[in-house]
Amino acid sequence: MMRTYAKLLAVVVVAVFAFAGSPVQAVTVSFDYQVPTDNSGKTSPVGVNNANVALPGYFIETFDKPGSAGETIVLPGGNIYVNAGGGFNSLNPYTDLSIMYGSVGIRKDSVTGVAATPAGDTTFYAYAPGTDYPDGNTAAVRVLYEDFMQTYGVKISYLGLYYGSIDTYNEIAFYSGDSPFIGDGILSDGVITGTELLNVFGGYSGNQFQDGSNMYVNLFFDADELFTAFEFRTSAVAFEMDNVVTGFAAVPEPTTILLLGLGLVGLAGARRKLEK
């Protein structure tokens, strides 16, 4: 009896440590959305209410009050550029989203040769490239979550963004540290291309009004995943996005995982006693 119990204990503890160190990477991608009352087009179906205000465990970046600007931009035709080392902070009470490299423009309305407003969006939105660049070269802006994760001891459990007037030459790449974040299906190479989305939803490249060319992209990460950054790329004008919603969850302590395993052992032992 004691020998059997000791064996069970060893098996469960080994299983718990194997689970804790497992490099499982799974992500669910969906395109659900809700229409917010702030006239920004589409927003997350899970992380905010219909007024586009973040729910507990989430924060949102609307680009309506860039941290680098110091105050809300009041001119619809105005632009502000946020360069590498800068960030955003509108409805996010915790920390800015930090730009690793590249530059982002923020504006209202559309302007030919610069950016096109996402469908139904009359608020401020972000676009890249934020400044002039040689046509045909790929402009890329990477947004990092690592400082936020380390400061608050959390992992990213969800990411959603409104991907507007999608072009065939736009891409969103996802990272775990410096490595591509590989998922399944459309994320099998760590990149979601504009062409892939347009083909799936029957959209037309650069269309500002069609549902299939303006969509909300949701990524739900498993608890063991380590997603740290996303990067939007474009080889021509422009990549547009709005309503970036981030969900976060506390990182479980190793001792918590071990106690969970020992608790399971205790339950197994109690069951054996009852069976006697």
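Going by the numbering used here, the residue at position 31 of the sequence shown is 31; the numbering climbs one at a time, nothing skipped. Beta carbons: idealized from backbone N, C-alpha and C, even for Gly.
- Taking every protein chain shown into account, the CB of residue 40 has 16 or more other CB atoms within 10 angstroms, so this residue is buried.
- Within the model, the alpha-carbon separation for residue 232 versus residue 145 is close to 15 Å.
- When the beta-carbon positions are compared, residue 49 and residue 38 stay at least 8 Å from each other.
- With fewer than 16 neighbouring CB atoms inside 10 Å of its own CB, residue 223 falls in the exposed class.
- Going by beta carbons, residue 200 and residue 43 fall outside the 8 Å limit.
- The segment 183-197 and the segment 119-128 do not touch, with fewer than 3 CB-CB distances between them shorter than 8 Å.
- If you look at residue 148, you'll find it in the alpha helix (DSSP H) that goes 146-152.
- The criterion of a C-beta distance shorter than 8 Å is satisfied by residue 117 and residue 208.
- DSSP places residue 195 outside any beta strand (DSSP E); the residue lies instead in the alpha helix (DSSP H), whose first and last residues are 194-201.
- About 6 Å separates the CB atoms of residue 230 and residue 172; that is less than 8 Å, so the two are in contact.
- In the DSSP assignment, the residues bridged to residue 155 are 249.
- In the structure shown, residue 211 adopts helical secondary structure according to DSSP, grouped into three states.
- For residue 155, the closest of 142, 141, 177, 139 by C-alpha to C-alpha distance is 177.
- For the set 150, 46, 64, the Cα lying nearest the Cα of residue 121 is the one of 64.
- For residue 234, the beta-bridge partners assigned by DSSP are 139, 170.
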